[in-house]
Each structure stands twice: as structure tokens, then as C-alpha cells.
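Participant: I am attaching a structure below and will ask some questions about it afterwards.
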Amino acid sequence: MSKGYFISLEGADGCGKTTQIERVAAELRRLGREVVCTREPGGTRLAETLRALVLDPELIMNARTETLLYIAARADHVERVIKPALLAGKIVLCDRFSDSTEVYQGVVRGLPLEAIHGLSEFATDGLQPDLTILLDGDPDLLAARRELRGVHDRYENAGLEFQHKIRNGFMLLAEKYPQRIFKINALQDTDRVTAEILRVINTVIKI
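The opening position of the sequence shown corresponds to residue 52 in this note's numbering, with each subsequent residue numbered one higher.
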């Protein structure tokens, strides 16, 4: 049985994670690999329910409440979806993981990064992605993409200043974990972005 690999895609809102996961998964399957595509928060019935709560713009909650909901969703997601897929030798492509919590609730919301990291370690029993693709782009340019999508949640509605803080947070993590996090320009042609992601994946797991 082939070894399972856990790959997360991260980045600010509108960077194209969902599109790229679909495209990369299709190519990996063409090459004969079994692929599971999932997202955070989400991936299980419980986690999707928590996702609806935490992204509801009508609900007011503080950063600690947000964080604990994300962590609870992650614990169920890892236990029920990610770990079983990895044990079965599959490649897991995940739209966001623990890096997003450290950026959104830690760097931007101001909660202690050490505490958030510890909670995520507890929820996942130490599981981390083997590889993280960071899709990066100027938030001012990505804003046009968000408008076209017509999606509005508490983060989409936070404004450009918030999105710039998100980008800076991801840059900090990329500097902190250079062996795991690979940055790719999300504003390139869609085919070029997909090709670069596949190139990086191939250097790590030899697809």
C-alpha cells in the first residue's frame, strides 16, 4: 500500500483554493492516486454544522469562542475523515487546516499563538500536513474575485484591512515553516497555478 500524504491549501479569501483542489485532485487521480478532497471547518456532519455557526454573519462571538468551535470541528474531522484516509494510503487535499486558525484567530484576532497551536495539537493528536501550498495574492486584487463569487460571511464582510492582515499572517507562517509551506502566486493563469502546485507536490511525494 502506498503511503498516505496530507496536503493542505491555505491563503486569503478569494485566492482560488477550492478551484485548485478540484484541478489537482483530477490530475492526481489520472495518475492513479486515490484522493480525498475535504475542507475546514467541515468534512463531517458535525464539523459542517459548526462551520455554519462560526461563519454565520448574524451570530456575534468573540475570538475565543470562534477558536474553540474550529478546534472542535477539527478534532472530529481528523478522527473521522483525514486519519482513516491516510491510513488507507490516500492523498488528502484539505481546503485550510490549522495554519488558518493560527492566522485568523492568532495573528489577526490577537489570541496567543502558543495556546492555539497547543489546542490544535490536542485536537489532531499531533497530525500536521506533510505539505502546505500557500496561494498568495494582493488582497486588493483578490477582492474582485470575492465579489464575483457573491459569498458573504463574517470574514468576507470584514474589509480589505482585515484581508491585508490575513496575508501578513500567512507570510509570517511561511517564514516560520519553510520546509512545509510553499508559496505560489495565486494571481497567475489558473493552468499555471495548477502546474506549479503539481510540481511542488511531485518534489515532496514523487507522484
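Glycine included, each C-beta is placed from N, C-alpha and C at the ideal position.
Predicted model, so just to flag it, every value in this text is computed and none were measured.
Alpha carbons only, please: which of Val-255, Val-132, Ser-151, Thr-152 is nearest the one belonging to Val-143?
Facilitator: Cα-wise, what sits closest to Val-143 is Val-132.
Participant: Kindly indicate which residue of Pro-190, Gly-62, Leu-223, Gln-230 has the alpha-carbon position closest to the one of Glu-91.
Facilitator: The shortest Cα separation from Glu-91 among Pro-190, Gly-62, Leu-223, Gln-230 belongs to Gly-62.
Participant: Report the residue from Gln-156, Asp-150, Leu-211 whose alpha carbon sits nearest the alpha carbon of Glu-224.
Facilitator: Strictly speaking, residue 224 in this sequence is Leu, with Glu absent from that position. Checking every option, the nearest Cα to that of Leu-224 belongs to Asp-150.
Participant: What number of angstroms, rounded off, separates the C-alpha of Gln-156 from the C-alpha of Ala-123?
Facilitator: Using only the alpha carbons, I get a separation of about 14 Å.
Participant: Give me the Cα-Cα distance between Glu-165 and Val-244, rounded to the nearest whole angstrom.
Facilitator: Looking at the two C-alpha atoms, the distance is approximately 33 Å.
Participant: Based on the DSSP secondary-structure assignment, which residues constitute the bridge partners of Tyr-56?
Facilitator: Ile-142, per the DSSP bridge assignment.
Participant: With distances taken from CA atoms, which of Leu-162, Asn-236, Glu-117, Lys-134 is nearest Leu-178?
Facilitator: Of the listed residues, the one whose Cα sits closest to Leu-178 is Lys-134.
Participant: Could you name each continuous beta strand (DSSP E) segment of 3 residues or more that falls completely within the region 63 to 112, going from the start of the chain to the end?
Facilitator: Here the runs fully enclosed are 86 to 90.
Participant: Under 8 Å between the Cβ atoms of Asp-187 and Ala-246?
Facilitator: Contact flag unset, no.
Participant: Check each candidate in Pro-180, Phe-173, Thr-175, Leu-211 and name the one with the smallest Cα separation from Pro-190.
Facilitator: The shortest C-alpha separation from Pro-190 is found at Leu-211.
Participant: Between Ser-59 and the rest of its own chain, which residues show a CB-CB distance below 6 Å, the 5 nearest in sequence each way excluded?
Facilitator: Cys-145, Phe-148, Pro-180, Thr-183.
Participant: Among Tyr-121, Arg-115, Ala-195, which has the Cα closest to the Cα of Ser-171?
Facilitator: Of the candidates Tyr-121, Arg-115, Ala-195, the one whose C-alpha sits nearest the C-alpha of Ser-171 is Tyr-121.
Participant: Check Phe-148 in the structure and name its three-state DSSP category.
Facilitator: Three-state DSSP puts Phe-148 in coil, outside helix and strand.
Participant: Apply the 10 Å Cβ neighbour rule to Leu-79 and answer buried if 16 or more other Cβ atoms are within range, or exposed otherwise.
Facilitator: By the 10 Å Cβ count, Leu-79 comes out buried.
Participant: Counting only the same chain and skipping the five closest in sequence on each side, list residues whose C-beta sits under 8 Å from that of Val-159.
Facilitator: Excluding positions up to five away in sequence, the list reads Phe-213, Lys-216, Ile-217, Gly-220.
Participant: Does the distance from the CB of Gly-55 to the CB of Ala-136 come in under 8 Å?
Facilitator: For Gly-55 and Ala-136, yes; Cβs fall inside 8 Å.
Participant: Measure the alpha-carbon distance for Ala-98 versus Ala-174 and round it to whole angstroms.
Facilitator: Each residue's alpha carbon lies about 13 Å from the other.
Participant: Contact check, Leu-82 vs Ile-258 under 8 Å by CB: the rounded distance?
Facilitator: So it is a contact: roughly 6 Å between Cβ atoms.
Participant: Would you say Leu-162 and Thr-116 are within 8 Å of each other, going by their C-beta atoms?
Facilitator: No. Outside cutoff.
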